[in-house]
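**Q**
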Amino acid sequence: MFDVSLVLSGQFRGWLLSGFVTSLQLTGLTLVLALPLATALALLRLAPSGVLRWLGFGLVEGVRSVPLLVHLLFWYFGAAELLPGPARQWLYAHDAEAACAVVALTLYTAAFMSEDIRSGIRAVPATQLEAGRALGFGFLATMRRVVLPQALHITVPPLISQTLNLWKNTSVATVIGTAELMYQAQKVETASFRGFETFVVATVAYLAVSLVITALAAAYHHRYPPRTA
Amino acid sequence: MHIRAKALATSLIAASLITTTLAARADQLDDIKKKGELVVGVLGTDEPNSFIDPKTREIVGYEVDLASAVAKKLGVKLTLKQLAVAARIPELQQGRVDLLAASLTHNKEREQVIDFSLTSFVTGQKVLVRKDSGITQLSQLGGKKVVTIKGGTQEPNIRKAVPGVDVVTFETGPQAFQALQQGKGVGFVNDEVSLIDDYAKLGPQQKDYAILPQNISVEPLALGIRKGEKTLKAAVDGTLRELEKSGDAEKLFFKWYGPGSRLKFPSRSFKIESDKVES
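So the protein lines, in turn, are chains C and E. Its first residue numbered 0, the first sequence is counted upward by one per residue in numbering that gives the first Met the number 0. Its first residue numbered 0, the second sequence is counted upward by one per residue in numbering that gives the first Met the number 0.
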């Protein structure tokens, strides 16, 4: 009865493959956008100004405390409607499903990553920041030239772990019609009635990429072992 | 040797457990009567087949009434379980519901995985379009984006009817309808009865929408029964036949679809009499 080849041939294979590629693209694009945003959020939370710190706190906690599913529905059905007419029409004429998924995933991932980056920054002895300031660098310049290079090094393992979460989280985007792997798997299931086989294939695909990400983390750990400052 | 004997004994016990479980489930009708409860999977998002009454917060509708007639006939309590369109057939196959009354299309493909009762409703599938798209017939949908529900017959049917159409699917009918209203697609593919109901809900905005006249398919709807449950099917079909004979089936049709309802069907074009489908 169990026959994977059925869902791995012809049209079904094409659907699953395109879903797999879309999931990878979602992950890649979100990662590229989320990293700088996460760094900015982490800096906000450590900024010298109290107002900025509270702003950072509000943003991170607000985003982190709401389920990803709600974020996706909000950006797709809610926020997109607030765009001015021509921009909205342009978006809807293109791949609004993927675009809204990237926005939601980016904010969600950045909120989590920012906390990892912040703890990385805090792991760098405060004297480094003080030394930078004493040499006449401003807050941002000290961060950029002195603290962040050390902090990001410490932060790589947790960031890779967040990337793993991101890769799996892309599957939630199916609810707003983003044609990622889970969406295509459901489509194949409906057309083939081979639910078990289809989801076995999808699971193996998720697992394979997850293991690659985990291997990257291990390799990094091996190449650059953690050192105490 | 000892270990092997033990392993053998364990597997024998496991095997006998499996067979007894299977034997206990061999007749679902007996099980339903024994537990005194008929669990029916419904959508709850598809007016007027099954939807949540805003006043009572209960799931009501044409199919709910059919299901409750079956439960009454069996002398058991009716329990409704709300399902997503895509989850209907898997939930039935895995025995988490006894019956499906979930706007389920009866077709030849699905006959290979589940059984169906007598056809309880017939509807066409159509496309509700936004007038600002300028689309007046099906063929113009090629290359355009349409929205519909995941896991139903809508997506395969529109792909067959309009090659090259771009389909985006959502979990429920109301979500897809909202996506259409927001302009995320030019058309919404669904059963005609659901579209008429959605169209009626549009109120003054109706002037901006139209239902394309051509059917993309004809959909006989039926209750879904797990494959091979002959006695349960006989009981369900028996109930439906009685409803038809007594005139109650017609009354139910007019209650939910007739001139007094939002759908305003002037007459009933089918009878509950056959469980055969053409495609």
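Don't be surprised by glycine CBs; every beta carbon is placed ideally from N, CA and C.
1. Going straight from the alpha carbon of E/Glu272 to that of E/Gly237, what length do you get?
2. Taking 8 Å as the threshold (beta carbon to beta carbon), is E/Val112 in contact with chain C?
3. Relative to the C-alpha of E/Phe120, which candidate in E/Gln136, E/Gly172, E/Ile157 and E/Glu191 has its C-alpha closest?
4. Which residues mark the beginning and the end of the beta strand (DSSP E) in which E/Glu36 is found?
5. Compare the C-alpha of E/Gly142 against each of E/Arg95, E/Gly150, E/Asn156 and E/Val166 and name the closest.
6. Quick one: what does DSSP say E/Gly123 is sitting in, helix, strand or coil?
7. Exposed or buried, which one is E/Lys263 when buried takes at least 16 other CB atoms within 10 Å?
8. Just the Cα atoms here: how many angstroms apart are C/Arg57 and C/Gly13?
9. Can a CB atom of chain E be found closer than 8 Å to the CB of C/Ala228?
10. For the alpha helix (DSSP H) containing C/Gln161, list its first residue and its last residue.
11. Look up E/Glu218 in the DSSP assignment and say whether it is helix, strand or coil.
12. Which stretch, first to last residue, makes up the beta strand (DSSP E) that contains E/Thr147?
13. Pop quiz: E/Ala100 and E/Ser49 are said to be a contact at Cβ under 8 Å. What is the actual Cβ separation, rounded to whole angstroms?
14. At a cut of 8 Å, does the region 148 to 167 of chain C reach the region 110 to 123 of chain C through at least three beta carbon pairs?
15. Please confirm whether C/Glu80 has its beta-carbon closer than 8 Å to some beta-carbon of chain E.
16. Would you kindly report the start and end of the unbroken beta strand (DSSP E) that includes E/Phe50?
17. Please state whether DSSP places E/Lys226 in a helix, a strand or coil.
18. Does the Cβ of C/Ala86 have 16 or more other Cβ atoms within 10 Å, making it buried, or fewer, making it exposed?
19. Please report how far the alpha carbon of C/Leu16 lies from the alpha carbon of E/Ala178, in whole angstroms.
20. Identify which residue in E/Leu103, E/Ser132 and E/Ser216 has its Cα closest to the Cα of C/Gln88.
21. Check for me: the beta strand (DSSP E) holding E/Asp190 runs from which residue to which?
22. Roughly how many whole angstroms lie between the Cα atoms of C/Phe195 and E/Gly259?
23. Looking at the unbroken beta strand (DSSP E) that takes in E/Val167, where does it start and where does it end?
24. Can you check which of these residues, E/Val145, E/Arg267 and E/Gly35, is closest to E/Gly74 by C-alpha distance?
25. What's the gap between the Cα of C/Val62 and the Cα of C/Ala184?
26. Using only alpha-carbon positions, find the residue among C/Ala100, C/Thr126, C/Ala92 and C/Trp53 that is nearest to C/Leu68.
27. In whole angstroms, what separates the C-alpha of E/Glu218 from that of E/Glu90?
28. Is it the case that the Cβ atoms of E/Gly186 and E/Val126 are separated by a distance below 8 Å?
29. When we look at the beta-carbon of E/Arg95 and count the other beta-carbons within 10 Å, is it buried (16 or more) or exposed?
30. How should C/Tyr91 be labelled, buried or exposed, when 16 other C-beta atoms within 10 angstroms of its C-beta is the threshold for buried?
31. Mapping the DSSP letters down to three states, classify E/Val59 as helix, strand or coil.
32. Using CA atoms only, rank isn't needed, just tell me which of E/Gln93, E/Ser67, E/Ala83 and E/Arg240 is closest to E/Ser102.
33. Could you spell out the range, first to last residue, of the beta strand (DSSP E) harbouring E/Lys80?
34. Does the distance from the CB of C/Leu32 to the CB of C/Val171 come in under 8 Å?
35. Can the beta-carbon of E/Leu79 be found less than 8 Å from the beta-carbon of E/Leu231?
36. Using 8 Å as the threshold, is the C-beta distance between C/Ser113 and C/Ala41 below it?
**A** Quick look at the numbers:
1. The sequence position of residue 272 of chain E within the second sequence is 273, counting from 1. The sequence position of residue 237 of chain E within the second sequence is 238, counting from 1. So the alpha carbons of these two residues sit roughly 10 Å apart.
2. Against the second sequence, residue 112 of chain E aligns to sequence position 113. It does: the Cβ of E/Val112 has a partner Cβ on chain C nearer than 8 Å.
3. If you number the second sequence from 1, residue 120 of chain E lands on position 121. Considering only alpha carbons, the answer is E/Glu191.
4. Taking the first residue of the second sequence as 1, we reach residue 36 of chain E at position 37. First-last of the beta strand (DSSP E) with E/Glu36: Glu36 to Val41.
5. Indexing the second sequence from 1 puts residue 142 of chain E at position 143. Ranking the options by Cα distance to E/Gly142, first place goes to E/Val166.
6. Here residue 123 of chain E refers to the residue found at position 124 of the second sequence. Here E/Gly123 sits in strand by DSSP.
7. Working through the second sequence from its first residue, we reach residue 263 of chain E at position 264. Its Cβ having fewer than 16 others within 10 Å, E/Lys263 is exposed.
8. Sequence index remark: in the first sequence, residue 57 of chain C carries index 58 (1-based). Sequence index remark: in the first sequence, residue 13 of chain C carries index 14 (1-based). With the sequence shown as reference, residue 57 of chain C is identified as Gly, and Arg is not the correct amino acid for it. In a straight line, the C-alpha of C/Gly57 is about 43 Å away from that of C/Gly13.
9. Residue 228 of chain C sits at position 229 when you count from the first residue of the first sequence. Low confidence applies here, because C/Ala228 scores a pLDDT of 49, under 50, leaving its location unreliable; read the following figure in that light. Judged by the 8 Å Cβ criterion, C/Ala228 is not in contact with chain E.
10. By one-based count along the first sequence, residue 161 of chain C stands at place 162. Boundaries of the alpha helix (DSSP H) around C/Gln161: Leu147 to Asn168.
11. The residue labelled residue 218 of chain E in the question sits at position 219 within the second sequence. In the structure shown, E/Glu218 sits in a strand (DSSP, three-state: E or B).
12. Residue numbering aside, residue 147 of chain E sits at position 148 when the second sequence is read from its first letter. In this chain, the beta strand (DSSP E) harbouring E/Thr147 covers Lys144 to Ile148.
13. On the second sequence, position 101 is the one that residue 100 of chain E refers to. On the second sequence, position 50 is the one that residue 49 of chain E refers to. Contact flag correct, Cβ pair sits at about 7 Å.
14. The region 148 to 167 of chain C vs the region 110 to 123 of chain C: in contact.
15. Here residue 80 of chain C refers to the residue found at position 81 of the first sequence. So yes, C/Glu80 belongs to the interface.
16. Within the second sequence, residue 50 of chain E is the residue found at index 51, counting from 1. In the DSSP annotation of this structure, the continuous segment of the beta strand (DSSP E) that includes E/Phe50 starts and ends at Ser49 to Ile51.
17. The residue given as residue 226 of chain E occupies position 227 in the second sequence. Here E/Lys226 sits in coil by DSSP.
18. Within the first sequence, numbered from 1, the residue matching residue 86 of chain C stands at position 87. That one is exposed.
19. The residue you call residue 16 of chain C lines up with position 17 of the first sequence. The residue you call residue 178 of chain E lines up with position 179 of the second sequence. Using only the alpha carbons, I get a separation of about 26 Å.
20. Here residue 88 of chain C refers to the residue found at position 89 of the first sequence. It is E/Ser132 whose Cα lies nearest to the Cα of C/Gln88.
21. Taking the second sequence and counting its residues from 1, the one referred to as residue 190 of chain E is at position 191. E/Asp190 -> beta strand (DSSP E) spans Gly186 to Asp190.
22. For the purposes of this step, residue 195 of chain C is taken as residue 196 along the first sequence, with counting starting at 1. For the purposes of this step, residue 259 of chain E is taken as residue 260 along the second sequence, with counting starting at 1. Rounded to the nearest whole angstrom, the C-alpha separation of C/Phe195 and E/Gly259 is 45 Å.
23. Taking the first residue of the second sequence as 1, we reach residue 167 of chain E at position 168. According to the DSSP assignment, E/Val167 belongs to the beta strand (DSSP E) that extends over Asp165 to Phe169.
24. Counted from its first residue, the second sequence places residue 74 of chain E at position 75. Each of E/Val145, E/Arg267 and E/Gly35 was checked against the Cα of E/Gly74, and the nearest Cα belongs to E/Gly35.
25. Here residue 62 of chain C refers to the residue found at position 63 of the first sequence. Here residue 184 of chain C refers to the residue found at position 185 of the first sequence. Here the alpha carbon of C/Val62 sits roughly 29 Å from the alpha carbon of C/Ala184.
26. Within the first sequence, residue 68 of chain C is the residue found at index 69, counting from 1. Ranking C/Ala100, C/Thr126, C/Ala92 and C/Trp53 by CA distance to the CA of C/Leu68 puts C/Ala100 first.
27. For this step, residue 218 of chain E is matched to residue 219 along the second sequence. For this step, residue 90 of chain E is matched to residue 91 along the second sequence. Computed Cα separation, rounded: 21 Å.
28. Start at 1 with the first residue of the second sequence, and residue 186 of chain E comes out as number 187. Start at 1 with the first residue of the second sequence, and residue 126 of chain E comes out as number 127. Their beta carbons are under 8 Å apart, which means E/Gly186 touches E/Val126 by this criterion.
29. Within the second sequence, the letter at position 96 stands for residue 95 of chain E. The residue is exposed, with fewer than 16 neighbouring Cβ atoms inside 10 Å.
30. Along the first sequence, read from residue 1 onward, the residue named residue 91 of chain C stands at position 92. Per the 10 Å Cβ criterion, buried.
31. One-based indexing of the second sequence puts residue 59 of chain E at position 60. Strand at E/Val59.
32. Taking the second sequence and counting its residues from 1, the one referred to as residue 102 of chain E is at position 103. Here the closest residue by C-alpha is E/Ala83.
33. Along the second sequence, one-based indexing puts residue 80 of chain E at 81. Residues Lys76 to Gln81.
34. Within the first sequence, numbered from 1, the residue matching residue 32 of chain C stands at position 33. Within the first sequence, numbered from 1, the residue matching residue 171 of chain C stands at position 172. Not closer than 8 Å, so no.
35. Stepping through the second sequence from its first residue, residue 79 of chain E is reached at position 80. Stepping through the second sequence from its first residue, residue 231 of chain E is reached at position 232. With contacts defined as CB atoms closer than 8 Å, E/Leu79 and E/Leu231 fail to qualify as a contacting pair.
36. Residue mapping note: residue 113 of chain C aligns to position 114 of the first sequence, counting from 1. Residue mapping note: residue 41 of chain C aligns to position 42 of the first sequence, counting from 1. Yes. Within cutoff.
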